[in-house]
Structures are given as C-alpha cells and as structure tokens.
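Inspection log for the structure reproduced underneath, given as structure tokens.
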Amino acid sequence: MNQNLPISVDQIEEHFKEELGDAVSDIKKEEIEKGLKETPIKLIWMKVERDQFRDAVEALSELQVPHLSVASGSDMGDIVELIYHFQVNHGFPADEISVNIKVHLPKDDLKIPTITDIVPGAVTTEREKQEFLGVDVVDIPDSRRLWLDEEFPEDRYPWRWDEKGMEEMARYVHDPEEASAEPTSERVGEKRGGEEG
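Heads up, the sequence shown stops at 585 in my numbering, and the numbers go up one at a time, no gaps.
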C-alpha cells in the first residue's frame, strides 16, 4: 500500500480483520462533527487481545506510519482498560482518522509489551501508565518516573479505584481534621495501619 496516500476507515477495518482475524473485535466506525466549523472527524474503535496488541500496531503501521496521540487508561474494576489513540492521514486534514485500539489487562497480570520500537514516541505515555495505573510495560526502554515525585509511594497509583489507589491519601484532602496537615508518604503509611509508603 502507498503510505503517501490517504487510507479509509473501511480499508483499516478490512486490513485488521485480514491480519488479526478473531483477535480483533468490537469494531465500531463513526463520524462526528467537532469545533465551530463542525469539521467531520472519522473514528474507528476496536478491541484486541493483549497477545495480539503489538501485531495490531504493526498492522496499522503497514498501512501508514501512525501518529500516537496518547494512550488513555481506566480502572474498570477487575481490569485496567488501555486505549491507544492513533491518527493516520496526516497532511490530509479532511481525511484524518482516529484509530483507537483497546486492550483489557486483568489486574492480577497488568503487563503489556512496549511499542516503542514501532512507535518511538510511545515511551512518554507508556511511562505515564506505569506511574498512574501500575501497568508493567515489558521491555520499555526508559522506566523512570516521569510525572510523580520520587517520594510518592511506589505501591500507589492515582488513577486506580481499588486498594492500590488514592482513597487513603484523598482523605487528607477531605477530612477537616487533616485538612491543615500536609500529606506525606509517612502520614499515608500511618493512616493505612502503620506501613510506610
């Protein structure tokens, strides 16, 4: 395929079905209007199994070099859902497509392979998912903290809603007796029953 020409949502869907078969599911295509000019934006959403995630990114790269806007992540109870938001057809504003690839990770195995060898700019968003959700990005070339201070407890993740989340730390913000005191990792440890963060 000529990577210099725009591709269509239908071509993307067809290519993913050919390359990944049953490993891709929940395909949804839509067009929405955004902004004052009500510019139409084309989107395609799909879910892939974790063991086929890199294959999905490679399949997209075969069609056209994608731009990764960001990977979003949500604590959904027993799973963490990651959605990698790619853009294709750069340079063709009327034809740009948002390609959104979803992956579900069970909380007892929060691992996903890095895609930095395919999309080098992914390292920043992958580091963010490690810090804020506790996702283990396997083979990430740089796993240092990017956003959270080194003093922040290593076993706490601001975007989690479970016992690994911020509930205990948030109490300091909302508890009138604690509101005047500055939260520290030591105080959070005391609040959790004596363990240090």
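The C-beta atom is built at its ideal place from N, Cα and C for all residues, glycine as well. Just so you know, these numbers come straight off a predicted model, no measurement behind them.
Nearest to residue i (by Cα), restricted to the options the options
| i | options | result |
| --- | --- | --- |
| glutamate 401 | Ser460, Glu469 and Asn488 | Asn488 |
| serine 457 | Glu551, His478 and Met464 | His478 |
| glycine 461 | Ile420, Lys425 and Tyr545 | Tyr545 |
| methionine 434 | Ile471, Asp466 and Gly509 | Ile471 |
| lysine 430 | Phe480, Arg438 and Val397 | Val397 |
| glutamate 469 | Val491, Gly553, Gln475 and Ala459 | Val491 |
| serine 486 | Glu419, Glu450, His403 and Leu393 | Glu419 |
| alanine 459 | Asp497, Glu450 and Phe474 | Phe474 |
| isoleucine 467 | Leu393, His403 and Glu437 | Glu437 |
| aspartate 530 | Lys517, His403 and Val511 | Val511 |
Under the three-state DSSP convention, the category residue i falls into
| i | result |
| --- | --- |
| glutamate 401 | helix |
| glycine 522 | coil |
| aspartate 527 | coil |
| proline 508 | helix |
| lysine 552 | coil |
| valine 576 | Here valine 576 scores only 45 on pLDDT, less than 50, and its place in the model should not be relied on; the value that follows carries that caveat. In the structure shown, valine 576 sits in a helix (DSSP, three-state: H, G or I). |
| proline 394 | coil |
| proline 546 | coil |
| proline 481 | helix |
| glycine 582 | Here glycine 582 scores only 49 on pLDDT, less than 50, and its place in the model should not be relied on; the value that follows carries that caveat. Glycine 582 falls in the coil class under three-state DSSP. |
| aspartate 463 | strand |
| leucine 408 | helix |
Endpoints, the alpha helix (DSSP H) within which residue i is located
| i | result |
| --- | --- |
| threonine 427 | Segment 427-436 is the beta strand (DSSP E) holding threonine 427; no alpha helix (DSSP H) there. |
| aspartate 443 | 441-451 |
Rounded separation between residue i and residue j - CA only
| i | j | result |
| --- | --- | --- |
| arginine 532 | serine 413 | 34 Å |
| glutamine 440 | alanine 411 | 7 Å |
| proline 508 | isoleucine 395 | 22 Å |
| glutamate 538 | glutamate 519 | 11 Å |
| isoleucine 500 | leucine 493 | 8 Å |
| glutamine 399 | lysine 422 | 23 Å |
| tryptophan 535 | isoleucine 415 | 33 Å |
| glutamate 555 | glutamate 484 | 40 Å |
| proline 541 | aspartate 496 | 20 Å |
| leucine 451 | leucine 393 | 10 Å |
| leucine 521 | tryptophan 547 | 6 Å |
| proline 428 | proline 481 | 10 Å |
| aspartate 550 | methionine 464 | 10 Å |
| arginine 442 | glutamate 426 | 34 Å |
N- and C-terminal bounds of the beta strand (DSSP E) containing residue i
| i | result |
| --- | --- |
| glutamine 475 | 467-476 |
| valine 487 | 485-494 |
| histidine 414 | The identity of residue 414 in the sequence shown is aspartate, whereas the question assumes histidine. Aspartate 414 -> beta strand (DSSP E) spans 412-422. |
| proline 501 | 499-501 |
Any C-beta of chain B under 8 Å from that of residue i
| i | result |
| --- | --- |
| aspartate 496 | Protein chains in the displayed structure number just one, and chain B is not present. |
> Counting pairs of Cβ atoms below 8 Å between the stretch 400-414 and the stretch 431-450, do you hit three or more?
Replying inline: yes
>> Check whether the stretch 491-507 and the stretch 524-543 touch, using three or more Cβ-Cβ pairs below 8 Å as the test.
In response: yes
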